[in-house]
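Reminder that position 89 of the sequence shown reads as 954 in the working numbering, one-by-one numbering, no gaps. Cβ coordinates follow ideal geometry from the N, Cα and C atoms, glycine included. Since this is a predicted model, take the numbers as computed values, not measurements.
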Amino acid sequence: MHQEEHEVAVLGAPQGSGPVMSTVVNIRSETVVPDHIVWSLFNTLFFNPCCLGFVAFAYSVKARDRKMVGDVTGAQSYASTAKCLNIWAVDLYVRVLCFYLGRAPCWASPACR
866 MHQEEHEVAV LGAPQGSGPV MSTVVNIRSE TVVPDHIVWS LFNTLFFNPC
916 CLGFVAFAYS VKARDRKMVG DVTGAQSYAS TAKCLNIWAV DLYVRVLCFY
966 LGRAPCWASP ACR
């Protein structure tokens, strides 16, 4: 029979005295910044007291522009402002709607007759 000999080298410290090279890969995570443009457009078309919906729409477009350029901080700032304006627009609209619906019509009131 044929017999083979295998030699195993013991791994130790690196043989070279040069610096150890390493590679670092930075993976940029895409930060999702909601621009609230659909909500702003809806408020512009339907709930637009004091033009808050239109102003919110303008800030939403600015947030989208900043996001496309890569300015995440600017996009977050404009998106936050658009969100606040949208909340105020809906809140003001609901309050005015409740005020008008809560009032009795004039023809039902005895004072109007």
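Taking the alpha-carbon of residue i as reference, which of the options has the nearest alpha-carbon?
i, options, result
"residue 956", "884, 900, 912", "912"
"residue 906", "921, 927, 897, 914", "921"
"residue 914", "885, 942, 958", "958"
"residue 941", "960, 891, 967, 927", "927"
"residue 896", "948, 933, 902, 950", "933"
"residue 902", "887, 937, 954, 948", "948"
"residue 953", "937, 889, 888, 904", "904"
Label residue i either buried or exposed according to how many other C-beta atoms from any shown protein chain fall within 10 Å of its C-beta, with 16 as the threshold for buried.
i, result
"residue 898", "buried"
"residue 967", "exposed"
"residue 891", "exposed"
Can the beta-carbon of residue i be found closer than 7 Å to that of residue j?
i, j, result
"residue 924", "residue 946", "yes"
"residue 931", "residue 939", "yes"
Apart from the five residues just before and just after residue i, which ones in its own chain have a Cβ nearer than 6 Å to its Cβ?
i, result
"residue 900", "925, 928, 929, 944"
Report all residues from its chain with a CB closer than 8 Å to the CB of residue i; omit the five preceding and five following residues, and keep chain order.
i, result
"residue 961", "914"
"residue 936", "none"
Can you find a heavy atom of the ligand ATP that lies under 6 Å from the Cβ of residue i?
i, result
"residue 904", "In the structure shown, the ligand ATP is absent, as is every other ligand, since no ligand is present at all."
Residues in its own chain within less than 7 Å of residue i by CB, not counting five upstream and five downstream?
i, result
"residue 950", "917, 920, 921, 924"
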